[in-house]
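Asks: Below is a structure I'd like to ask you about.
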Amino acid sequence: MGLIFLLTAWVIENKPELLRELLEIHFLPWVYRYLEKMQLQSGNTFYEATALLATETLRHIQQSAQLTPANKELCL
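The sequence shown finishes on residue 75 if you use numbering that gives the first Met the number 0, and the numbering steps up by one all the way, no holes.
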């Protein structure tokens, strides 16, 4: 997960024209489900809080940039 956020930060700084594609196609379709599972099953308050913070941050970015995640079937 950390590498995905690092990649996102790199894209924002170096290739902002690719951000929409990265988030809508490759990241947002699955990340909310992943973070939900992380929050519910971690059993650790640090990871629960990290998942909550990441979720809220991504929701803000998604709404601000008017991003629509691709509709993909998840196997989680």
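Glycine included, C-beta positions come from ideal geometry on N, C-alpha and C.
Note that the structure is predicted; figures quoted are calculated from it, not measured.
Should the stretch 4 to 22 be called in touch with the stretch 37 to 49, which here means at least 3 C-beta pairs below 8 angstroms?
Replies: Flag = no, the stretch 4 to 22 and the stretch 37 to 49 do not touch.
Asks: If I measure Cβ to Cβ from V10 and keep anything under 7 angstroms in the same chain, skipping five residues before and after, which residues do I get?
Replies: Excluding sequence neighbours, V10 sits near L17, L18, L21.
Asks: Would P68 pass as a contact of E23 if the rule is Cβ separation under 8 angstroms?
Replies: Yes, the pair counts as a contact, with Cβ atoms nearer than the cut-off.
Asks: On the DSSP letters alone, give me the boundaries of the alpha helix (DSSP H) that M11 sits inside.
Replies: The question names Met, yet the displayed sequence has Ile at residue 11. Per DSSP, I11 belongs to the alpha helix (DSSP H) from 1 to 13.
Asks: Count the other CB atoms, across all protein chains shown, that sit within 10 Å of the CB of L39; report buried if there are 16 or more and exposed otherwise.
Replies: It counts as exposed.
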